[in-house]
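Engineer: What follows is a structure written as structure tokens; I'll ask about it next.
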Amino acid sequence: MTEMSGSEALIEALRREGVTGIFGLPGGANLPIYDALYDSEVRHILARHEQCAAHMADGYARVSRKPGVCFATSGPGATNLVTGIATAFADSSPLIAVTGQVPKDMIGRDAFQETDVIGIVTPITKYTFQPQSADEIPQIVKNAFTIASTGRPGPVLIDIPKDSQTGRAEMVFPEKPNLRKKPPTTTPDPVLIEKAATLLLEAERPMIMTGGGVLLSGAFAELQALAELLVSPVVSTFKGKGGFSETHPLSLGPIGMHGHIEANKLVTEADVLLAAGARFSDRSVGKWESFGNEMKIIHADIDPSEVGKNKEAQVGLIGDVKVTLRELVKAIKTKAMGKSKDQDYPWIKRVNEIKEEWRSKGLPAPREITGPRLLKKMREILPASCLYTTEVGQHQMWASLHFDVIQPGTFFTSTGLGTMGWGLPAAVGAKFARPDLPVVDIAGDGSIQMTESSLATAVTENLPIIVVVFNNNMLGMVAQWQRLFYNRKYIGVENKGIPDFVKLAEAYGAHGVRAQSMAEFEKALKSALSTEVATVIDVPINPEEDVYPFVAPGTALKDMIIS
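Going from the sequence shown to our numbering is simple: count from 1 and add 1122.
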């Protein structure tokens, strides 16, 4: 045992969990923590807003598949984290948020910068802690990391009163958590694995739907092995995009509101659907009552509460998706006894015909730079291992449709909460996690303005990300809905050319360039790959350009609007 303060114990406990970087902002209520951090080998990455700190930690977590850590002070510092915490919760991202709090004897007395952050974030976290004494902190940190990263990942909050930070005690750093709840099930029931394997082998039109759980568990090789063993086409939810290489011949790409036409058409024809780590959200399957009524569903998920929540499943496989898919491959190999289908069986012939019908149509003849063409050019230029984040809006949906993820686990976006401003700070976190890889934020001019100050962090922390701004001077997705559903009555969506993103980038110390032709864009992007500072490429596009196909809210996939 070693005597130290609560703040020193916090930093040491984080170090023991393998934390190498913390995203945050200091303030009055967490200054003792920052004082302890000063002499630590753990790096601090200064965000310019607490929401950005949370998104940076989230981006780090998604890339590394380890909990990201963010710090904030009490009151407004803590409440500024809320959107980032809610985003991580919606997308099952492991996050540890550490907030300062007023001293215990001041809690509940409306002290300066006091906020009941525990009460605020309880619905959007897996768990919250508030240590009442310094010596509780090491065990709380161990428990927090266990909760955040096991089972279905998610955010955990540790709110530390200032006197718990400054109090001294003999510290014991535990090797294990002391949680009363038993660990989540990671290995599915073998009887149900056998049942699922039989259903998949007997299926005439099998389909695999990959969700975010595949990315969270890193089940890329297992998914590909299963798809190839069954000769089964693979669709993805938008959260699951990048769980299966979209250049693989069995890939149909994303389904849903802005899914591929062929994916939306074919998924409804399947007779057996294996949903791997997907939750059948409305954005993925449309109107629940109309989806999958003629198919048998096998639902594999680490979270028992998801199975049967939105769609009834004939077989529920509770366990880690990576383990589940591995067990399915074993069972199917045993049952198949060397027999296998080939690319000529009727279902695959049907799939290939529909794919060819729609993918051969290509894009309309160009008159100008368009969102889809920018994304296809990016795919041509950027390496397969490049990491991508996106903001939220039309550019995000064009990415769903027109940007093929080659290497699984390289594409990240805010889906469950659809948080505008997520992509830029998440790219900063991603670059910290993998400084050896290029990181590109696919951005819109509306979304990026919500967290533009993260450019300062990218520059000062020497994290040379690339930001491509699809600039239509509009809140493009809202404007599209106003065109389609509200008789073109634009209100609150026109950005009117402000700001100038080149000058904005330069003001933050980044490199800014405007590309007004495809040739200029190609030159700018290639140059950015070798630039040692963050680069913003501003690309003007037509504000009237819409995203199609489109499944309107409350309708079924079969009601997809194609153009």
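From the three backbone atoms N, C-alpha and C, an ideal C-beta is built for every residue, glycine too.
Just so we're clear, the structure is a prediction, and the values are computed from it rather than from any experiment.
Between which two residues does the beta strand (DSSP E) holding residue 1312 run?
Structural biologist: Unbroken run through residue 1312 is the alpha helix (DSSP H), 1312-1324; no beta strand (DSSP E).
Engineer: Taking just the CA atoms, how far does residue 1513 sit from residue 1542?
Structural biologist: When rounded, the distance between both Cα atoms is 6 Å.
Engineer: Count the other C-beta atoms from every protein chain shown that fall within 10 angstroms of the C-beta of residue 1606, then say buried if there are 16 or more, exposed otherwise.
Structural biologist: Exposed, because fewer than 16 other Cβ atoms sit within 10 Å of the Cβ of residue 1606.
Engineer: Given a cut-off of 8 Å, decide if residue 1181 and residue 1492 are closer than it, judged by their beta-carbon atoms.
Structural biologist: In this structure, residue 1181 does not lie closer than 8 Å to residue 1492 by Cβ.
Engineer: Near residue 1263, which residues of its chain fall below 6 Å by C-beta distance, leaving aside the five closest residues on each side in sequence?
Structural biologist: Cβ within range, chain order: 1135.
Engineer: Report the option in 1142, 1393, 1208 whose CA atom is closest to the CA atom of residue 1247.
Structural biologist: Cα-wise, what sits closest to residue 1247 is 1208.
Engineer: When the Cα of residue 1528 is compared with those of 1364, 1644, 1571, 1679, which residue comes out closest?
Structural biologist: The candidate whose alpha carbon is nearest that of residue 1528 is 1364.
Engineer: Expressed to the nearest angstrom, what Euclidean distance is found between the alpha-carbon atoms of residue 1517 and residue 1373?
Structural biologist: Each residue's alpha carbon lies about 22 Å from the other.
Engineer: Looking only at C-alpha atoms, which of 1399, 1658, 1236 sits nearest to residue 1228?
Structural biologist: Comparing Cα positions, the closest option is 1236.
Engineer: Measure from the alpha carbon of residue 1285 to the alpha carbon of each residue in 1261, 1204, 1252, then state which is nearest.
Structural biologist: The residue with the shortest Cα to Cα distance from residue 1285 is 1252.
Engineer: For residue 1294, count neighbouring C-beta atoms within 10 Å of its own C-beta (all shown protein chains included) and say buried if the count is 16 or more, exposed if not.
Structural biologist: It counts as exposed.
Engineer: Would you say the region 1168-1175 touches the region 1292-1311, given that touching needs at least three Cβ pairs under 8 Å?
Structural biologist: In short, these stretches do not touch, since the Cβ pair count stays below three.
Engineer: CA-CA distance, residue 1613 and residue 1621?
Structural biologist: So the alpha carbons of these two residues sit roughly 19 Å apart.
Engineer: Going by the DSSP bridge assignment, what does residue 1635 pair with across the sheet?
Structural biologist: BP columns for residue 1635 point to 1659.
Engineer: Got a sec, what are the start and stop residues for the alpha helix (DSSP H) residue 1620 sits in?
Structural biologist: From DSSP, residue 1620 is part of no alpha helix (DSSP H); its letter is neither H nor E.
Engineer: Suppose you measure from the CA of residue 1664 to the CA of residue 1490; what does that come to, to the nearest Å?
Structural biologist: Residue 1664 and residue 1490: Cα-Cα distance of roughly 8 Å.
Engineer: Which of the three DSSP states, helix, strand or coil, is assigned to residue 1563?
Structural biologist: Residue 1563 falls in the strand class under three-state DSSP.
Engineer: So residue 1420 and residue 1396 are in contact, right, with Cβ under 8 Å, and what is the actual spacing, rounded?
Structural biologist: At roughly 5 Å, the Cβ-Cβ gap stays under 8 Å, so residue 1420 and residue 1396 are in contact.
Engineer: Would the region 1427-1436 count as touching the region 1287-1302 if we require 3 or more Cβ pairs under 8 Å?
Structural biologist: The answer is no - the region 1287-1302 does not touch the region 1427-1436, with fewer than three Cβ pairs under 8 Å.
Engineer: In the DSSP output, which residue or residues are listed as bridge partners for residue 1588?
Structural biologist: Residue 1588 is bridged to 1562, 1657.
Engineer: Measuring straight from C-alpha to C-alpha, what distance separates residue 1278 and residue 1401?
Structural biologist: Their backbone Cα atoms lie some 22 Å apart in a straight line.
Engineer: How big is the Cα-Cα spacing for residue 1534 and residue 1424?
Structural biologist: Distance between the alpha carbons of residue 1534 and residue 1424: 20 Å.
Engineer: Are there 16 or more other CB atoms within 10 angstroms of the CB of residue 1234, so buried, or fewer, so exposed?
Structural biologist: So residue 1234 ends up on the exposed side.
Engineer: With a threshold of 8 Å on Cβ separation, who are the neighbours of residue 1310 within its own chain once the five nearest residues in sequence on each side are excluded?
Structural biologist: Taken in chain order, the residues that qualify are 1422, 1439, 1440, 1441, 1445, 1446, 1449.
Engineer: How far does the beta strand (DSSP E) with residue 1284 in it extend, from its first residue to its last?
Structural biologist: Counting along the chain, residue 1284 falls outside any beta strand (DSSP E), though it belongs to the alpha helix (DSSP H) covering 1284-1288.
Engineer: With a threshold of 8 Å on Cβ separation, who are the neighbours of residue 1125 within its own chain once the five nearest residues in sequence on each side are excluded?
Structural biologist: For residue 1125, where only same-chain residues beyond five positions count, the Cβ hits under 8 Å are 1290, 1291, 1292, 1293.
Engineer: With H, G and I counted as helix, E and B as strand and the rest as coil, what does DSSP make of residue 1354?
Structural biologist: In this structure, residue 1354 counts as coil in the three-state DSSP scheme.
Engineer: Am I right that residue 1334 and residue 1361 are in contact with their C-beta atoms under 8 Å? What's the rounded C-beta distance?
Structural biologist: Right, their Cβ atoms sit about 4 Å apart.
Engineer: Going by alpha carbons, who is nearest to residue 1378 out of 1348, 1344, 1370, 1413?
Structural biologist: If we check each option's Cα against that of residue 1378, 1413 comes out closest.
Engineer: Tell me whether residue 1638 is buried or exposed, calling it buried when 16 or more other Cβ atoms sit within 10 Å of its Cβ.
Structural biologist: Exposed, because fewer than 16 other Cβ atoms sit within 10 Å of the Cβ of residue 1638.
Engineer: If you follow the beta strand (DSSP E) that residue 1421 is part of, which residue opens it and which one closes it?
Structural biologist: Note, residue 1421: beta strand (DSSP E), 1418-1423.
Engineer: Leaving out five residues on either side along the sequence, give the residues of the same chain with a beta carbon under 6 Å from the beta carbon of residue 1597.
Structural biologist: Correct list, in chain order: 1568, 1615.
Engineer: Along the chain, where does the beta strand (DSSP E) that runs through residue 1114 open and close?
Structural biologist: Beyond the ends of the chain as shown, which are 1123 and 1685, falls residue 1114; an answer cannot be given.
Engineer: Which residue or residues does DSSP assign as beta-bridge partners of residue 1510?
Structural biologist: DSSP lists 1533, 1562 as partners of residue 1510.
Engineer: When burial is assigned at 16 or more other CB atoms within 10 Å of the CB, is residue 1329 buried or exposed?
Structural biologist: Buried, since its Cβ has 16 or more Cβ neighbours within 10 Å.
Engineer: Just how far apart, CA to CA, sit residue 1406 and residue 1368?
Structural biologist: Cα to Cα, residue 1406 sits roughly 17 Å from residue 1368.
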